[in-house]
Each structure stands twice: as structure tokens, then as C-alpha cells.
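Numbering (the working numbering), first residue to last: 30 to 291.
Where a beta carbon is used, it is the ideal one built from N, C-alpha and C, also for glycine.
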Ligand code: APR
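This is the structure in C-alpha cells:
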């Protein structure tokens with residue numbers, strides 16, 4: 030399929046485009062999924078760049094950059110303490126569960142996620158590559174001691190930032206801050222997956238942040254195709270063989286249902 034498709038609601042179109050995406054996944058294996066914050070908004074977690082996103086309220090360079098953390102770690106934790114509470118209280122939504130089902134059916138090889146919320150794993154996905162780290166642990170920048178999320182949550186009780194139990198320094202969340210390198214093993218694995226995918230399905234990402242936003246180009250350069258499920262435009266819409274402008278929690282369950290008998 031070479032012609033570009035743009036499908037919009039009403040619901041008939043959405044159903045038709047979900048069927049078309051199901052067919053594309055069935056025919057173009059292996060399929061790798063690349064997710065962004067948009068797959069978790071229906072779990073109550075705000076994204077970053079939509080109108081109601083976090084970066085409309087917080088300056089990422091002040092609250093989510095390595096330089097800001099080194100300059101004022103307590104200020105960065107004033108953003109991350111409530112954020113960790115939201116992430117740990119959130120539950121996987123139908124989009125996460127549909128992707129786990131597609132992996133169980135053998136139709137999704139892996140999920141490369143920019144999200145740090147652990148919701149793909151909690152939904153049952155097994156092959157998840159967290160290219161921006163996660164809230165699973167936090168590490169002491171002074172002595173290197175690593176603490177699990179449960180311990181970080183305890184250390185945050187009655188404190189504005191978690192102090193390292195071993196040396197007292199303020200812990201850093203094991204998420205990738207702006208100005209920080211991505212975990213080499215994760216981005217290498219994600220790049221390999223993108224190069225060997227015959228279909229890369231992007232779900233809920235504006236594709237604005239590199240190097241992850243370059244992964245779809247790796248797939249296309251290697252002869253694969255790109256499909257997008259995203260509310261609103263992405264930076265690579267003009268390279269997509271299929272684009273569905275809709276909510277991930279509505280579209281993906283229809284795709285999984287269409288492939289259930291696969
Ligand atoms: N269904 C589909 N798309 C959605 C939904 C939804 N329910 N909710 C939001 N979206 C779309 C938004 O319209 C937006 O286009 O998802 C996209 C999310 O884009 P961003 O907010 O830029 O999030 P993301 O692409 O994950 O950002 C990448 O930037 O700030 C850094 O580290 C941060 O990992 C993040 C990276």
C-alpha cells in the first residue's frame with residue numbers, strides 16, 4: 030500500500046481505519062510499536078505537547094533537564110514528587126491492554142516506549158524497551174546507590190526530595206532528562222527493532238524529540254512502512270502509509286478485536 034490515508038472520525042471512519050490498520054499489521058510482520066505520552070492520557074496522565082500538556086505549565090529546562098537537576102534538585106523534585114504520585118496511581122487503559130493482546134497474538138514483536146510510567150508492563154506487555162528510562166528506580170548521583178520505586182516513595186513521605194539512605198545526597202529519578210544521553214542498550218535495541226520492522230506503528234507521540242523521533246525513519250530507510258495513531262498531527266505524518274486521527278483507547282481495542290481470530 031503506497032497511497033497515504035488520512036482517516037478522521039466520525040466513528041464509521043474510525044472503525045474502517047481500524048480495520049485497515051489491522052490488515053496492515055497482519056500483512057506487514059514483524060510489527061514494532063513506538064509509544065509516547067498519548068497512549069497514557071486515558072489513564073489520567075497528562076502528555077507534554079498537546080494544549081493541556083505538562084510543558085504548557087512547566088518549563089522542561091527548569092524541571093526536566095540534567096542542568097536543572099544539578100543546579101536545584103529540590104526544584105526538580107517539586108515537579109517529580111507529584112508526578113510520581115500520579116504515575117503510580119494510574120492504571121493501564123484499553124490502549125495498553127490492546128497492545129499487550131497483540132503481543133500475545135504474536136502480532137507485535139516489541140514496544141519501544143518513551144513513557145516512564147511502567148503501564149505497558151503492568152498491562153501485560155513483555156517485550157518493552159524503555160528508551161527514556163522509568164520511575165522503577167532512582168539513583169544517588171554521589172555514591173551510586175540505586176533505590177526501588179517503593180523505597181523512593183517512602184523516602185518522599187514528609188520530604189520534598191528523597192535523600193539517599195547511604196550518603197544523604199538527593200536521589201535522581203532513573204529517567205532521561207533533557208541534556209542526558211539515553212541508555213545505550215535501550216536505544217541500540219530500539220534502533221535494531223526499527224530497522225528490522227516491516228511496520229512501525231506510532232501511537233500517541235508528536236515525534237518531536239530525537240533520537241527516538243528518528244526511529245520511524247530507520248524503518249522506512251530499511252524498506253518498512255509507518256502507521257500512526259495519534260490525536261492531532263505528528264512530525265512524520267507525510268511519511269505514514271496510514272494515519273488515524275483518533276484516541277488510542279478507542280482505536281487499538283478495535284484493531285485487537287479485528288485480529289483476535291488471527
Ligand atoms: N490518543 C492518541 N493520541 C493522543 C492521546 C490519545 N488518547 N492523547 C494525546 N495524544 C497525542 C497528543 O495530541 C500528542 O500529539 O499524543 C501526542 C503526545 O505527544 P507529546 O506530548 O510530545 O509526548 P511524547 O511524544 O511522548 O514526548 C516525547 O518528550 O518531553 C519529552 O521525555 C518526554 O518522553 C517525552 C518526549
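CB of residue i within 7 Å of CB of residue j, strictly
i	j	result
residue 230	residue 264	no
residue 278	residue 124	yes
residue 199	residue 178	no
residue 204	residue 113	no
residue 224	residue 209	no
residue 182	residue 159	no
residue 77	residue 93	no
residue 258	residue 232	yes
residue 260	residue 266	no
residue 63	residue 184	no
residue 151	residue 111	no
residue 283	residue 119	no
Alpha-carbon spacing of residue i relative to residue j, whole angstroms
i	j	result
residue 280	residue 195	47 Å
residue 30	residue 270	Unreliable placement is indicated for residue 30, whose pLDDT of 41 sits below 50; the coordinate value is still reported in the next sentence. For residue 30 and residue 270, the distance between alpha carbons rounds to 7 Å.
residue 251	residue 227	8 Å
residue 276	residue 71	8 Å
residue 174	residue 190	16 Å
residue 291	residue 128	15 Å
residue 345	residue 219	Outside the displayed range of the chain (30 to 291) lies residue 345, so it cannot be described from this structure.
residue 53	residue 186	48 Å
residue 38	residue 285	Note that residue 38 has pLDDT 47, beneath the 50 cutoff, so the model's placement of it is unreliable and no number is given.
residue 169	residue 193	6 Å
residue 109	residue 89	12 Å
residue 116	residue 74	7 Å
residue 139	residue 98	32 Å
residue 292	residue 207	There is no way to answer for residue 292, as the model of the chain reaches only from 30 to 291.
residue 49	residue 288	11 Å
residue 79	residue 274	14 Å
residue 216	residue 268	22 Å
residue 55	residue 148	25 Å
residue 104	residue 157	31 Å
residue 188	residue 162	24 Å
residue 59	residue 172	42 Å
residue 253	residue 106	41 Å
residue 211	residue 222	16 Å
residue 81	residue 126	25 Å
residue 236	residue 262	9 Å
residue 153	residue 91	34 Å
residue 202	residue 176	9 Å
residue 43	residue 69	20 Å
residue 249	residue 95	32 Å
residue 180	residue 238	31 Å
residue 45	residue 51	10 Å
Check: residue i C-beta below 6 Å from any heavy atom of the ligand ADP
i	result
residue 125	Ligands displayed in this structure: the ligand APR; the ligand ADP is not among them.
* Okay, do the segment 134 to 142 and the segment 79 to 88 touch, 3+ Cβ pairs below 8 Å being the bar? -> no
* Quick one: complete beta strand (DSSP E) runs, 3+ long, within the segment 129 to 171? -> 139 to 142, 157 to 159 and 162 to 168
* To do: At 4 residues or longer, and completely inside the segment 72 to 112: list those alpha helix (DSSP H) runs for me, N to C.
  => 89 to 92 and 95 to 100
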